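Novice:
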Amino acid sequence: MYTQTFEEVLDDLYETEGIHVCILYRIDGTPIAVRTPHHTGVLEVMLWLEKQINNVLREINKEGLTATTFEFKDYQIFITLTSRSTVLVVIIDPEAHHQLISIEISRAKSIINKCVS
Amino acid sequence: MEERVSSGIYGFDEIIGGGFRERSINIISGGIGVGKTTFSLQFALYGLNRGKKVVFISFEMSEKQILRDCKQLGFEEIEDHLSAGNLKIVHIYGEDLMFPSLDILEIVRESHTDAEHQLIIIDPLTHYSMYLEDEKRKSLSSIFMNLREMGTSVITLEGGNGKEEANQSSIMPLYLADSVLHLDYLGFGELFDRTIRVVKHRGSKHGDGLYPYRIESGLGIIVISSESDIDKVTATYEFDKEFMTAIQHAGNIDQRLAKRIELLRHNWSHNESPEYILNLVMNDENR
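Going down the list, the sequences are from chains Z and F. In terms of my numbering, the first sequence is residues 381 to 497. In terms of my numbering, the second sequence is residues 2 to 288.
Set out below in structure tokens:
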């Protein structure tokens, strides 16, 4: 089933080294699927994200962006439009392999797009 | 095990632990066109086809309109149930209710005097709740309490997603109900266009995800969930060894504690060991 597929995609993406959090949001800011670690270190940045996500998504929609990045001291947030109604948010370690993660995000984006469109 | 009443929605009962709890108030909230009435008609039809008695109190649609919608959905047998007297449709204008709480209860009570448990549908409550002025909470609480005695209710409510600036009248039923389901419709033409979310389901395990659904002719609402969605709300007996040891130890401390851990065992749906939690509980209870 479609939902099973994107859940698996998210699981795979989450296993990529350097990725701390993966969240698939609906464009209205409602989380569809969440992959978060058990440790609480990333909590602060997730709380920031929760407060900002609606504004960020509004801007993405308004400006016709396909992706955006936020950089914190300890984390980076990649926000990628995966379809007309979904957005993938990935929180990574700044020292992670960016190219590898970009490829993995692109792969996930393509599968999620097929699942939900 | 407590009796459950099927929601009648394909693919949904698994997410709410097997269905609605018997003699409960279940609110279906959402905006215009999300399928609230379809939900309630499906709930009614499923019950009717299994011998239940149903009373449908409509504040908006007449009996003729309801029957027409049912036919369009392919629920043609609803007419047979109406003729057989198993279904009562009461179309009433909010303005005509003298004492809303008493009048509604009277309608339900008189609908199927022989039924000990019936399915009750109020569609929608929005109009009715506007009439409750001074003792809003008490009045609504009292009507819900009485409805529980008469059966299992599905009540639709306009809005109520908690995001918009809702007034007290529209929020209050959400507090007082046993379960609240929120339906959403975005209109992007994608999988997560129409979604259902279980906001609360008192006394029962339920999925906490956002589940897409479709409305299909002949079937009505179909909720699409994955195996992992179902797994998250289905008890895994993978950690029975840990639980049995804990139950044995708990029994030495307090039989009530052993019973509570037994309940936890039947509801443990996580794929992680309960060992940490059980140790924590045992240490605290042993003090």
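Ideal placement from N, C-alpha and C gives every residue a C-beta, glycine not left out. Every value quoted in this text rests on a predicted model; they were computed, and no experiment measured them.
1. Name the two residues that bound the continuous beta strand (DSSP E) containing Met413/Z.
2. So, with DSSP's three-state summary, where would you put Ser59/F?
3. Can you check which of these residues, Leu264/F, Ala236/F and Thr235/F, is closest to Ile248/F by C-alpha distance?
4. Name, please, each residue of chain F whose Cβ falls closer than 7 angstroms to the Cβ of Glu387/Z.
5. Would you mind telling me which residues of chain Z sit closer than 8 angstroms to Glu191/F, beta carbon to beta carbon, in chain order?
6. Taking Ala213/F as the query, report the chain Z residues whose CB atoms sit under 9 angstroms from its CB, ordered along the chain.
7. Would a C-beta distance cut-off of 9 angstroms place Glu395/Z and Ala413/Z closer than the cut-off?
8. Express the C-alpha separation of Met426/Z and Pro174/F in angstroms, rounding to a whole number.
9. Name the one or two DSSP bridge partners that Glu159/F has.
10. How far does the alpha helix (DSSP H) with Gly277/F in it reach, from first residue to last?
11. Within 8 angstroms, do at least three Cβ pairs link the segment 111-126 of chain F to the segment 152-161 of chain F?
12. Suppose the cutoff is 7 angstroms on Cβ atoms and the five residues either side in sequence are ignored; what does the same chain contact list for Gly19/F look like?
13. Cα separation between Glu451/Z and Arg415/Z?
14. Taking the alpha carbon of Lys65/F as the point to measure from, which residue in Tyr47/F, Lys53/F, Gly48/F and Lys89/F has its own alpha carbon closest?
15. Using the Cβ count rule (16 or more neighbours within 10 Å means buried), how would you classify Pro213/F?
16. Hey, does Thr196/F have any beta-carbon neighbour from chain Z nearer than 9 angstroms?
17. In its own chain, which residues sit with a C-beta less than 6 angstroms from the C-beta of Ser240/F, not counting the 5 before and 5 after it?
18. Out of Tyr94/F, Cys71/F, Ser154/F and Glu191/F, point me to the one whose CA is closest to Lys494/Z's CA.
Specialist: In brief:
1. Met is not the amino acid found at residue 413/Z; the sequence shown has Ala there. Element bounds for Ala413/Z: Pro411 to Arg415.
2. Strand, per DSSP.
3. Of Leu264/F, Ala236/F and Thr235/F, the residue nearest in Cα terms is Leu264/F.
4. Against Glu387/Z, the close residues of chain F are Ser227 and Ser229, in the order they occur along the chain (beta-carbon pairs closer than 7 angstroms).
5. Ordered by position in chain Z, the residues that pass the 8 angstroms Cβ test against Glu191/F are Ser463, Arg464, Ser465, Thr466, Val496 and Ser497.
6. Residue 213/F is actually Pro in this sequence, not Ala. Under the 9 angstroms cutoff, chain Z gives Tyr382, Thr383, Ile412 and Val496.
7. Not closer than 9 angstroms, so no.
8. If you take the alpha carbons of Pro174/F and Met426/Z, they lie about 32 angstroms apart.
9. Looking at the DSSP output, Glu159/F shares a beta bridge with Gly31/F.
10. Per the sequence presented here, residue 277/F reads as Tyr, with Gly not at that position. Start and end: Glu276 to Asn287.
11. The segment 152-161 of chain F makes contact with the segment 111-126 of chain F: 3 or more CB pairs, one atom from each, lie closer than 8 angstroms.
12. Contacts found: Arg5.
13. Rounded to the nearest angstrom, the two C-alpha atoms are 20 angstroms apart.
14. It is Lys89/F whose Cα lies nearest to the Cα of Lys65/F.
15. Sixteen is the threshold: when 16 or more other Cβ atoms of the shown chains lie within 10 Å of the Cβ of Pro213/F, as they do, the residue is buried.
16. Interface residue, yes.
17. Before going on, a small fix: residue 240/F reads as Phe here, not Ser. So the list reads Ser274 and Pro275, once near-sequence residues are dropped.
18. For the options Tyr94/F, Cys71/F, Ser154/F and Glu191/F, the alpha carbon positioned closest to that of Lys494/Z is the one of Glu191/F.
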